[in-house]
Amino acid sequence: MSPVTHFLTGWVFANCAKLERRERALVTLACVVPDIDGLGIIPELLTRNSAHPLLWFTLYHHRLHTLAFSLVVAAVAFALARQRWKTTLLALASFHLHLFEDVLGSRGPDGYQWPIPYLTPFSHSLQLAWRGEWALNAWQNVVITAVLLFVTLWLAWRRGFSPVEMISAKADFAFVATLRRRFPRRLRDEVVRG
Ligand SMILES: [Zn+2]
């Protein structure tokens, strides 16, 4: 799935637990970070028609979709988090949610499945793929992304924070305020919540 879908998945997942701002960010980013191995798409596209095309996407995409890299990410989460163990375990789970989503629906336009070499560099024998995998631009991914976006907005409206907090707390405050002004809480809610 696309990095946007992974990001929203990580955010919604992080919000299933009681975490602080920094810890939420770590768990969210753990769901996106495997795709840094896809950044090779930029030089590959730029050099596509040159005499020496760089095949960095073709060669390296999914190289970091591995158990080994998930442990690196977990170690980083452990080092940066205050709620250490909780954040580390959730970051590890979040990373694996990414892999699961890729197995579900990341088939390339040419039909290639992009199997996940989970045990690389220790072993190349295990390649995770699912026969029913749908395409990266399939309707399923559009629906999943739309649902996640809706949940993200609902959480922001309800809890008072959104992924914007990763950039700026002030901007996030303004975003939530706009959202709540646009969709005011019902009077009954106000009364119950005092
Ligand atoms: Zn991926």
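Counting from 129, one number per residue, gives the positions in the sequence shown under our numbering. The beta-carbon is built from N, C-alpha and C at its ideal position, and this holds for glycine as well.
How about leucine 154 and alanine 209: are their beta carbons less than 8 Å apart?
The count along the sequence shown starts at 1 and reaches residue 154 at position 26. The count along the sequence shown starts at 1 and reaches residue 209 at position 81. Contact flag set, yes.
Pick helix, strand or coil for alanine 263, following the three-state DSSP scheme.
As a working note, residue 263 is residue 135 in the sequence shown. If DSSP states are grouped into helix, strand and coil, alanine 263 belongs with the strands.
If we ignore side chains and look at the alpha-carbon of each, how far apart do serine 253 and phenylalanine 223 end up?
Working through the sequence shown from its first residue, we reach residue 253 at position 125. Working through the sequence shown from its first residue, we reach residue 223 at position 95. Roughly 21 Å separates the two Cα atoms.
Cβ of proline 162 versus every heavy atom of ligand 1: is any distance shorter than 7 Å?
As a first step, residue 162 must be located in the sequence shown, where it is residue number 34. Under cutoff, so the answer is yes.
Can you list the beta strand (DSSP E) stretches of 3 or more residues lying completely in the stretch 240-289, in chain order?
Listed in chain order, there is nothing to give.
Distance check for phenylalanine 301 and phenylalanine 228, CA to CA, integer angstroms please.
Taking the sequence shown and counting its residues from 1, the one referred to as residue 228 is at position 100. Taking the sequence shown and counting its residues from 1, the one referred to as residue 301 is at position 173. Going from the Cα of phenylalanine 228 to the Cα of phenylalanine 301 covers about 33 Å.
In terms of residues, what are the limits of the alpha helix (DSSP H) holding arginine 165?
Within the sequence shown, residue 165 is the residue found at index 37, counting from 1. Residue identity differs from the one stated: residue 165 is aspartate in this sequence, not arginine. Judged by DSSP secondary structure, aspartate 165 falls outside any alpha helix (DSSP H); it is assigned neither H nor E.
Quick one: does the C-beta of histidine 252 sit closer than 7 Å to a heavy atom of ligand 1?
Counted from its first residue, the sequence shown places residue 252 at position 124. No, since every heavy atom of ligand 1 falls outside the 7 Å radius drawn around the Cβ of histidine 252.
According to the Cβ coordinates, are glutamate 261 and glycine 236 closer than 8 Å?
Here residue 261 is taken as the residue at index 133 of the sequence shown, counted from 1. Here residue 236 is taken as the residue at index 108 of the sequence shown, counted from 1. Result no, Cβ atoms of glutamate 261 and glycine 236 do not sit closer than 8 Å.
Among Gln211, Gly166, Arg191, Val231, which residue has its Cα nearest to the Cα of proline 131?
Numbered from 1 along the sequence shown, position 3 holds the residue referred to as residue 131. The shortest C-alpha separation from proline 131 is found at Gly166.
Which same chain residues, not among the five before or five after proline 162, have their C-beta less than 6 Å away from its C-beta?
For this step, residue 162 is matched to residue 34 along the sequence shown. Closer than 6 Å at the Cβ level, and outside the excluded window around proline 162, lie Leu192, His193, His226.
CA-CA distance, proline 181 and leucine 187?
As a working mapping, residue 181 is identified with position 53 in the sequence shown. As a working mapping, residue 187 is identified with position 59 in the sequence shown. Rounded to whole angstroms, proline 181 to leucine 187 spans 12 Å at the Cα level.
Assign leucine 198 to buried or exposed, taking buried as 16 or more other Cβ atoms, counted over all protein chains shown, within 10 Å of its Cβ.
Stepping through the sequence shown from its first residue, residue 198 is reached at position 70. Per the sequence presented here, residue 198 reads as serine, with leucine not at that position. Serine 198 comes out buried.
Please go through the same chain and pick out, in chain order, the residues whose beta-carbon is closer than 8 Å to the beta-carbon of glycine 288, but skip the five residues on each side of it.
Translated into positions along the sequence shown, residue 288 becomes position 160. The residues are Val304.
Helix, strand or coil for arginine 309 per DSSP?
Here residue 309 refers to the residue found at position 181 of the sequence shown. Here arginine 309 sits in helix by DSSP.
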